[in-house]
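Each residue of the sequence shown is one higher than the last, beginning at 1 in this note's numbering.
Think of the CB as a built atom: it goes at the ideal place given N, C-alpha and C, for glycine as much as any other residue.
In this text the structure is predicted, and so the values were computed from the model without any measurement.
The block underneath contains the structure these notes are about, expressed in structure tokens.
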Amino acid sequence: MEALQRSVLSTNWITIIFVFSLTVLFFLKLFKTVKLKGYASAIFYKGFLEIEVEEGYSPITFFHIGFSFFSFLMLSLTTFFLINQYKQSNALLLADYFVSSYYVFIFMIVRSLTAFLLLSLFEIKKQLSIFMIFKRGYLYSISVGLFFLNIFYFYSFQNLAFLFTGFALLFSVRFLLILINNKNLIIKELFYFILYLCAFELAPLFVLFRLIF
């Protein structure tokens, strides 16, 4: 009984992360209700992202910083669950979550710095600006999906196949939507798209994989 109680207490931090993440969404809804609904449903309705492109997009705002932080929390938690299942560990330790968060943070930093340097070097910001807006928007959208996926996994299923399938499905949908909604730009700027894919997607993923394993 005492061992069971310790096990329950040791996972309270995960519930706190869920509550904190929900609080972040609450404040985003409080200040930008339409934007939150638009980004959350972006994978079902691309019209909102097209409006964002027309109105202008600035990532350095309270809303985008808050939603990026929410996305970071969900990606870190999903990564933690996947690594924990891969290692077949029954212990859900806060210290291990911090390690996973560190890996995800390094991944995001490397990716952002690589993007900034190469976009500046090749002067292709204008060509890829619309593409990046769609990419960021779909990340926000699937982060909301990851929130529910993580909740169902933690409180109900705790099965690797369920978690990995849900994770892969969400990111596959995101990738396909990015390609479909930007197909004309991709065909026109194929060289830059291949450069982007190698430098911004594959290289940082390789770094993350090496850091974890």
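Member of the options whose CA lies at the smallest distance from the CA of residue i
i: F69; options: I43, S101, N12; result: S101
i: E55; options: I133, R174, V144, F162; result: I133
i: V24; options: L92, F48, F72, L93; result: F72
i: Y39; options: L169, K183, R136, I187; result: R136
i: Y140; options: F26, N12, H64, I14; result: H64
i: L160; options: Y86, F152, S172; result: Y86
i: R174; options: F148, S143, F62, Y153; result: S143
i: L75; options: N12, K183, F147, L92; result: F147
Residue i in three-state terms, based on DSSP
i: S41; result: coil
i: T11; result: coil
i: E2; result: For E2, the pLDDT reaches just 44, beneath the cut-off of 50, and the residue's location in the model is therefore unreliable, leaving the point undetermined.
i: N159; result: coil
i: K183; result: helix
i: K135; result: helix
i: K29; result: helix
i: K35; result: helix
Residue i at chain C interface by Cβ criterion, 8 Å
i: F107; result: As a matter of chain content, chain C is missing from the structure shown, which is built from one protein chain.
Beta-carbon spacing of residue i, residue j below 8 Å
i: L94; j: N150; result: no
i: K46; j: L36; result: no
i: Y138; j: I60; result: no
i: I178; j: V53; result: no
i: D96; j: F81; result: no
Continuous beta strand (DSSP E) assignments of at least 3 residues falling wholly in the segment 61–98:
none
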